[in-house]
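Below you'll find the structure, written out as C-alpha cells, and then a few comments.
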Amino acid sequence: MLRRASTTFARISERVPRPSVNDLDQGKREFETGRWSKAYRLFQTVLRDHGREARTLEVQMLMAHCLAKMGEPEEAEVHLLEVKDELSQRDQALLAVFEAAWKELEDTRRLTPAELKRRRELARGEN
Numbered sequence: 015m016l017r018r019a020s021t022t023f024a025r026i027s028e029r030v031p032r033p034s035v036n037d038l039d040q041g042k043r044e045f046e047t048g049r050w051s052k053a054y055r056l057f058q059t060v061l062r063d064h065g066r067e068a069r070t071l072e073v074q075m076l077m078a079h080c081l082a083k084m085g086e087p088e089e090a091e092v093h094l095l096e097v098k099d100e101l102s103q104r105d106q107a108l109l110a111v112f113e114a115a116w117k118e119l120e121d122t123r124r125l126t127p128a129e130l131k132r133r134r135e136l137a138r139g140e141n
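Each residue of the sequence shown is one higher than the one before, counting from 15 in this note's numbering.
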C-alpha cells in the first residue's frame with residue numbers, strides 16, 4: 015500500500031508546477047544581457063506558476079527594473095511599491111536591488127518622449 019501511495023504521489027507531483035530555477039535563471043541571464051522584454055516575460059512566468067514558492071520580492075524588483083528599461087515607469091512603480099512595504103532593514107541585499115530599480119525608474123521618467131518610444135519599440139522587437 016505504501017508503495018502504491020508513493021507511486022501515485024510521484025505521478026501527481028510530476029504534474030504540479032515547481033519553482034522553475036530554469037525560468038528564474040534564464041530570466042536573470044536575459045536581464046544581464048539587456049533583453050528586458052524577454053526577462054520580464056520569464057519573471058512573469060515565475061510569479062504566475064510559482065507565486066509564494068518563488069523569491070517573490072526579488073522577482074518583482076527585477077520586473078520593475080525591466081519595465082523601467084522598457085520605457086514603462088508607471089508600471090515599474092506599481093511593482094516597486096508592492097515590494098517596498100515588505101522589505102526590512104535586515105534585507106540589505108534586497109534593499110540594494112530595490113534602490114537600483116527605483117533609481118532606474120526615476121531615470122526613465124526623465125527620458126524624452128522620443129527615447130521612451132525607442133525603448134518601447136526595442137522591447138517589442140525582442141518578442
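A virtual CB, placed ideally from N, CA and C, is assigned to each residue, including glycine.
Please name the residue, chosen from Lys131, Glu72, Gly139 and Ala137, that lies closest to Ala114 on a Cα-to-Cα basis. Ranked by Cα distance from Ala114, the first of Lys131, Glu72, Gly139 and Ala137 is Glu72.
Counted within 10 angstroms of its Cβ, other Cβ atoms place Thr126 as buried (16 or more) or exposed: The residue in question, Thr126, is exposed, as its Cβ has fewer than 16 Cβ neighbours within 10 Å.
For the alpha helix (DSSP H) that Leu88 lies in, which residues bound it at each end? According to the sequence as given, residue 88 is Glu; it is not Leu. Per DSSP, Glu88 belongs to the alpha helix (DSSP H) from Pro87 to Lys98.
Arg123: which of His79, Thr59 and Leu38 sits nearest, CA to CA? The option with the nearest alpha carbon to Arg123 is His79.
Excluding the 5 residues preceding and the 5 following Leu109 in the sequence, name in chain order all residues of the same chain whose CB lies nearer than 7 Å to its CB. Cβ within range, chain order: Leu101.
To the nearest angstrom, how far is the alpha carbon of Leu56 from that of Lys42? So the two alpha carbons sit approximately 9 Å from each other.
Please check the pair Leu95 and Leu119, which I expect to be a contact at CB under 8 Å, by giving their CB distance rounded to whole angstroms. With 8 Å as the limit, Leu95 and Leu119 do not qualify as a contact, their Cβ atoms being about 10 Å apart.
Classification of Glu129 by the beta-carbon crowding that lies within 10 angstroms, buried from 16 upward: With fewer than 16 other Cβ atoms within 10 Å, it is exposed.
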